[in-house]
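Working notes for the structure below.
Residue numbers (the working numbering), protein chains in the order written: chain S, 1431 to 1772; chain R, 375 to 636.
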């Protein structure tokens, strides 16, 4: 049974307009300001409009008539069925819980991807190191121009002889902020590549490992391996895992995207979002810290800070990061689920 | 672009959601052009905000802290701007609002914080190699015009329904038609229209007349001539003095007079 089109339009017009107005109000005001009365009215009018849309579609195919009502019902649907976060993200306690519990929980639920990403990076590093150790001329091909110095030893001697490159807080802050904004961008790129292609992300991690291994080998071969560790270590202890983590987060999402299994792709992606988002925020935070260290502490030469201290700091940072993210398995697993529920 | 004509219209309109009331609601994906313009507006706003904030910060803070704060702020602004507006304003950044666009979850629901974050992080790859080259290419290939970030976050940019009220007021069928022509209704034509035309055909007539002004002149002529031919044959009319458009308009008046009934 179809109502005559005209009567449907005449009947519906007023209540559609009212629903439209109410939704306008609702978009601007928070739920408690709207009040239960108007809330109920929205739901009632939405149901009516939905039924009207069904009848209208049965009666006509004219998009000029259907489109406005279609849009209105879509808008009502979003309002009525869109789940809203009751809790604000920005409370202090919420933020503390996010950083101390939910981020580690995210990393733990993505730990398999972290292992895969670490293996790719580690394999690359070993290969790069091995290749240069076996035949030093490989260094020219593997190491990008800006890092390639014909003799690491001379470079180290030069750095140790000259004034400190980073002499003031100002320079350190400037350099540090440049570094971490750049590094976060790079880690986001690694994330995207891994998520969109899976293979691309693994390749990127592997290749970065090769470069690091090759640079390390050329320093070690020239007898200045300790300098290298002291130079890269303090920030590298956070920065290198961060790139691996970003790639791992991408692998988690890429797996959901390409291999959703028995659920739909959308459902698989939505299940992966909490893990991915926590891992990426954690990674970005670690990169900010790493950038600040790289801009200051890492650049200091042995005149100011002895190598053992720098290497010690590197070890402490790496152990602390690993323990923080993966250490408290049994105790924090419950907290992770709690975070999931929230 | 008018959705009823053109190939893009037919394949773009396929994404539907089914509400728990068993009503199918169509989501209307936005085109790459308007999205790019919206992005330009947002980009300009971010630049302006950054410039404003950094000039204020450099006056307030000592220089050593100032550089750090400005670099951080400009970086944070680019990300927080998109995510913040999309989550707080139901998927509308100022640029999107200006262009009448909105980001929604692909299920037609509001997008979540995580989704907004993922789709915006995706910009890093979408932007490559220059000016959204990759994202644009993916959007052209995707049925719903989604860039990589949207695919990964399962979100969709839709044409917004903000002007639905204005359009709803215009959805007054007979009045619109009567206003368009003052000529008296031919009773014979009215009888034919009532008895011999199918619902689809009456709609075709109505739709053509309603949209005549928006059509390209040549397309308008061709369409009306084709439709005129069809109705001449179907209704066995011999009205050589009427152009295709005049005939269709006369039919429209007749339909308006009798009401569109089924």
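Every residue, glycine too, gets a C-beta built ideally from N, C-alpha and C.
Model, not experiment: these values are computed from the prediction.
Item, Value
"Output the distance between the C-alpha atoms of residue 1390/S and residue 1707/S, rounded to the nearest integer angstrom.", "A question about residue 1390/S goes unanswered here, because the residues of chain S that appear run from 1431 up to 1772."
"Count the other CB atoms, across all protein chains shown, that sit within 10 Å of the CB of residue 456/R; report buried if there are 16 or more and exposed otherwise.", "buried"
"Is there a Cβ from chain S that is less than 7 Å from the Cβ of residue 395/R?", "yes"
"Around the C-beta of residue 417/R, are 16 or more other C-beta atoms found within 10 angstroms, so that it is buried, or is it exposed?", "exposed"
"How should residue 1694/S be labelled, buried or exposed, when 16 other C-beta atoms within 10 angstroms of its C-beta is the threshold for buried?", "exposed"
"Work out the CA separation of residue 1511/S and residue 483/R for me, nearest whole Å.", "7 Å"
"Is it buried or exposed, residue 1752/S, if we count other Cβ atoms within 10 angstroms and call 16 or more buried?", "exposed"
"Does DSSP classify residue 477/R as helix, strand or coil?", "strand"
"Quick one, which of 1438/S, 1451/S, 1446/S and 1732/S has its alpha-carbon nearest residue 1593/S's?", "1732/S"
"If the criterion is Cβ atoms closer than 7 Å, does the pair residue 1671/S and residue 1728/S meet it?", "no"
"Select from the region 570-593 of chain R all residues with a C-beta closer than 8 Å to any C-beta belonging to chain S, and list them in chain order.", "573, 574, 577, 580, 581, 584 and 585"
"If you follow the alpha helix (DSSP H) that residue 390/R is in, where does it begin and where does it stop?", "From DSSP, residue 390/R is part of no alpha helix (DSSP H) but of the beta strand (DSSP E) over 390-392."
"With residue 1635/S as the anchor, note down where its alpha helix (DSSP H) starts and where it stops.", "1629-1651"
"Counting only beta-carbon atoms, is residue 567/R nearer than 7 Å to chain S?", "no"
"What three-state label does DSSP hand residue 520/R in the structure shown?", "coil"
"Quick one: which chain R residues come within Cβ less than 8 Å of residue 1649/S?", "Correct list: empty, because the minimum Cβ distance to chain R is about 30 Å."
"Quick check: is the beta carbon of residue 1482/S nearer than 7 Å to any beta carbon in chain R?", "no"
"Could you compute how far the alpha carbon of residue 1479/S sits from the alpha carbon of residue 1442/S?", "8 Å"
"Using 7 Å as the threshold, is the C-beta distance between residue 1740/S and residue 1647/S below it?", "no"
"Kindly confirm or deny that the region 477-494 of chain R and the region 437-448 of chain R touch, where touching means at least three C-beta pairs closer than 8 Å.", "no"
"Less than 7 Å between the C-beta atoms of residue 488/R and residue 1703/S, yes or no?", "yes"
"For residue 1496/S, I'd like the list of residues in its chain whose CB is within less than 8 Å of its CB, leaving aside the five on either flank, ordered along the chain.", "1483, 1486, 1487 and 1490"
"Where do the N-terminal and C-terminal ends of the alpha helix (DSSP H) with residue 504/R fall, by residue?", "No alpha helix (DSSP H) holds residue 504/R; DSSP gives it neither H nor E."
"Nearest-angstrom Cα distance between residue 511/R and residue 521/R?", "8 Å"
"Considering residue 585/R, what are the terminal residues of the alpha helix (DSSP H) in which it resides?", "573-585"
"Taking only the alpha-carbon atoms, compute the straight-line gap between residue 1620/S and residue 1676/S and give it to the nearest angstrom.", "6 Å"
"Per DSSP, residue 403/R forms a beta bridge with which residues?", "532/R"
"Checking the sheet assignment: what are the DSSP bridge partners for residue 409/R?", "Answer by DSSP bridge pairing: none, since residue 409/R is not bridged."
"Is it buried or exposed, residue 1662/S, if we count other Cβ atoms within 10 angstroms and call 16 or more buried?", "buried"
"Check each residue of the region 1448-1465 of chain S: if its Cβ is closer than 9 Å to any Cβ of chain R, include it; give the result in chain order.", "1450, 1451, 1454 and 1457"
"With distances taken between CB atoms, is the gap from residue 1582/S to residue 1649/S smaller than 7 Å?", "yes"
"Going along chain S, which residues have a C-beta under 7 Å from residue 484/R?", "1508 and 1512"
"Pick helix, strand or coil for residue 398/R, following the three-state DSSP scheme.", "strand"
"Give me the residue from 490/R, 565/R and 453/R with the minimum Cα distance to residue 529/R.", "490/R"
"Rounded to the nearest angstrom, how far is the Cβ of residue 1667/S from that of residue 1559/S, given a contact under 8 Å?", "Their Cβ separation, rounded to whole angstroms, is 18 Å, which puts residue 1667/S and residue 1559/S out of contact at 8 Å."
"Does the CB of residue 424/R have a neighbour CB from chain S at under 7 Å?", "no"
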